[in-house]
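Engineer: Here the sequence shown stands for residues 924 to 1158, numbered as in this note's numbering. Glycine residues also receive a C-beta, built at the ideal position from the N, C-alpha and C atoms.
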Amino acid sequence: VRQTLAAALAEADAALAADTASVATLRRVTSTTAAAQTATADAQAQWTQAQEQAAAAAARTPRPASTGGTTAAAAPPSCETTYTGPPFYTSPATEGGDGSNGKLPPSALAAISWDVDPRGTPYYLRTDAAAALERLNTAFRARFGHDLGLDLTYRDFATQVAMREALGTVAATPGTSSHGTGLALDVPELPCEYGWGTPQRDWLVANGPSYGWVVPSWARQNGSNPEYWHFEYRG
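(1) What are the partner residues of residue 1108, as DSSP defines its beta bridges?
(2) Pick helix, strand or coil for residue 1045, following the three-state DSSP scheme.
(3) Could you have a look at residue 1138 and say whether DSSP puts it in helix, strand or coil?
(4) Would you say the beta carbon of residue 1094 is closer than 7 angstroms to some non-hydrogen atom of the ligand ZN?
(5) For residue 1027, which residues does DSSP report across the bridge?
(6) Need the endpoints of the beta strand (DSSP E) that residue 1054 sits in, please.
(7) Using only alpha-carbon positions, find the residue among 1003, 1017 and 1050 that is nearest to residue 1033.
(8) In terms of DSSP beta bridges, what is residue 1034 paired with?
(9) Using alpha carbons as the reference points, say which of 1147, 1108, 1156 and 1059 lies closest to residue 1126.
(10) Roughly how many angstroms lie between the CA atoms of residue 1029 and residue 964, to the nearest whole one?
(11) Taking the C-alpha atoms as reference points, what is the distance between residue 994 and residue 1149?
(12) Between residue 983 and the rest of its own chain, which residues show a CB-CB distance below 7 angstroms, the 5 nearest in sequence each way excluded?
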């Protein structure tokens, strides 16, 4: 749904930029964009309703009673993302950037080869971090049979500002985010794949340092801001 909306907006931008665009073309693009926006809103509403119904059902489900001093095994974690705030995306390189946090120029970044975000933006990291992640992904794919999932990598200054406004102190102060250096990534917030104690996360924690990728102390389960999805390149 988001990709459809992004395509409609891109078409609208192209039509508005064209001096020769006909009235019929502009009307068609306007209609397509409005339909895509409606579909996006409907999808969000359906997802929110499903989340509320699932939460209500979980609240009604009694806890398993203990028997003989033992308890029933916990159900496997849901694969629904744990993030319920406004959507944010990875950032492209900052044209004309001065190299400071959130303002890295194209010459400082490299795109990851195996994926792009839902809007079609490549996942950029600082050149050396990207090369190390390519090597880590080769080993990850050999172990699990698929590429490492990505959610966010480089974060430009404007996105840092938007996230701070939306999330408050959970987000880094703009200009200080490790993502703004091109040295951090988030894997998808899918507890069933990358959550605490999953084979994928345990493998990344154990093997990532061999490729320069580590979990900072604040993001660990006993850290000040636990984030199982966050990793940083330390070289």
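Structural biologist: With the given structure in hand:
(1) 1154
(2) strand
(3) Three-state DSSP puts residue 1138 in coil, outside helix and strand.
(4) The model on display carries no ligand, and the ligand ZN is accordingly not part of it.
(5) DSSP output for residue 1027 lists no bridge partner at all.
(6) That residue, residue 1054, is in no beta strand (DSSP E); its alpha helix (DSSP H) goes 1050-1067.
(7) 1050
(8) Residue 1034 pairs with 1047.
(9) 1059
(10) 34 angstroms
(11) The predicted model places residue 994 with a pLDDT of 38, which falls under 50 and marks its position as unreliable, so this point remains unresolved.
(12) The predicted position of residue 983 is uncertain, since its pLDDT is 46 and thus under 50; a value taken from the coordinates is nonetheless stated next. Within the same chain, residue 983 has no close Cβ partners at all.
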